[in-house]
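Peer 1: In this note's numbering, the protein residues as written are -17 to 189.
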Amino acid sequence: GMARTAVASTGGFELAKVGSLERQIVEATEVCVAANGWSKTTMDDVARESNLSRATIYRVFPGGRDVVLGALRRHRVLRFFHELRPHMVEATSALEMLSMTISAAAQQLNDDEQFQYQLEHDPGEILSTLSFEGLDRILAVARVFVGPHLMRFMSRREASQAAEWATRIVVTYVLEPSPWLDLTDGPAVEKFVSERIRTDAAQPTKN
């Protein structure tokens, strides 16, 4: 439908351009969500924060509130993966890259005060982002952002699977922290990953 047109042109995988109306609205929405929570953020809040009229917001995001919140979710997921990029670039092996990326991702989530607050007080929103279609979207982004870096060490298909596998590990850790594995502990993660990678193809085995 119309709500898709804004992202269809980029496949939905690019951050909104700095200075664009879309970016202005998404950033205003993020401020509102930080102050009020996801469920209480209204289009009036977003209009006030962005200094735009509701009509302008509806023109940029036909479909209104749900579409604006969806754009913010997507923006946050993309920014999250962008911030992992330096760790992926400097890795010299598949093991190192998977380990560093998993650790860095867990650390980013631990350090994200808004995310931690939400996990404690409004876990429903995070559950909806990390399950079913939300998870599929995150896995798709992982394939696009992480997969190509892994292709330095393995085939496209293996890279795609490994990117998904690493993402599922982090998502599981967020939803149900493990008492025996701290994903922010680099050496422990490297040991965990190495036990699950077949040396011949650097391919995570099915648990």
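We put the CB at the ideal spot given by N, CA and C, even for glycine.
As the structure is a computational prediction, the values presented were derived from the model and not from experiment.
Among residues of its own chain, excluding the 5 on either side of residue 142, which ones have a beta-carbon nearer than 7 angstroms to its beta-carbon?
Peer 2: Within the sequence shown, the letter at position 160 stands for residue 142. Excluding positions up to five away in sequence, the list reads 125, 129.
Peer 1: Does the beta-carbon of residue 61, which I'm using as the reference point, lie nearer than 7 angstroms to any heavy atom of the ligand COA?
Peer 2: As for the ligand COA, it is missing from this structure, which has no ligand bound.
Peer 1: Relative to the alpha-carbon of residue 112, which residue among 131, 95, 162, 58 has its alpha-carbon at the smallest distance?
Peer 2: In the sequence shown, counting from the first residue as 1, residue 112 sits at position 130. Nearest option by C-alpha distance: 58.
Peer 1: Between 110, 101, 47, 127, which lies nearest to residue 83 when the distance is taken from Cα to Cα?
Peer 2: By one-based count along the sequence shown, residue 83 stands at place 101. Among 110, 101, 47, 127, the Cα nearest to that of residue 83 is on 127.
Peer 1: Please report how far the alpha carbon of residue 67 lies from the alpha carbon of residue 103, in whole angstroms.
Peer 2: For the purposes of this step, residue 67 is taken as the residue at position 85 of the sequence shown. For the purposes of this step, residue 103 is taken as the residue at position 121 of the sequence shown. Using only the alpha carbons, I get a separation of about 30 angstroms.
Peer 1: Could you check how far apart the C-beta atoms of residue 60 and residue 123 are, in whole angstroms? I think they sit under 8 angstroms.
Peer 2: Within the sequence shown, the letter at position 78 stands for residue 60. Within the sequence shown, the letter at position 141 stands for residue 123. Yes, residue 60 and residue 123 are in contact; Cβ-Cβ is about 7 angstroms, under 8 angstroms.
Peer 1: Please classify residue 17 as buried or exposed, where buried requires at least 16 neighbouring CB atoms within 10 angstroms.
Peer 2: As a working note, residue 17 is residue 35 in the sequence shown. Exposed, because fewer than 16 other Cβ atoms sit within 10 Å of the Cβ of residue 17.
Peer 1: For residue 175, does the count of other Cβ atoms within 10 angstroms reach 16, so buried, or fall short, so exposed?
Peer 2: Taking the sequence shown and counting its residues from 1, one reaches residue 175 at position 193. Under this definition residue 175 is a buried residue.
Peer 1: Using a threshold of 8 angstroms, state whether the C-beta atoms of residue 115 and residue 20 are closer than that.
Peer 2: Here the question's residue 115 lines up with position 133 in the sequence shown. Here the question's residue 20 lines up with position 38 in the sequence shown. No, the Cβ-Cβ distance between residue 115 and residue 20 is not below 8 angstroms.
Peer 1: Just mark residue 152 as buried or exposed, buried being the case when its beta carbon has 16 or more other beta carbons within 10 Å.
Peer 2: Sequence index remark: in the sequence shown, residue 152 carries index 170 (1-based). Classification of residue 152: buried, given that the 10 Å Cβ count is 16 or more.
Peer 1: Going straight from the alpha carbon of residue 193 to that of residue 64, what length do you get?
Peer 2: As displayed, the chain neither begins before -17 nor continues past 189, which places residue 193 out of reach and without an answer.
Peer 1: Residue range of the alpha helix (DSSP H) that residue 92 falls in?
Peer 2: Translated into positions along the sequence shown, residue 92 becomes position 110. It spans 76 to 93 - the alpha helix (DSSP H) in which residue 92 sits, taken as one unbroken run.
Peer 1: Where do the ends of the alpha helix (DSSP H) carrying residue 147 lie?
Peer 2: Counted from its first residue, the sequence shown places residue 147 at position 165. Its alpha helix (DSSP H) spans residues 138 to 157.
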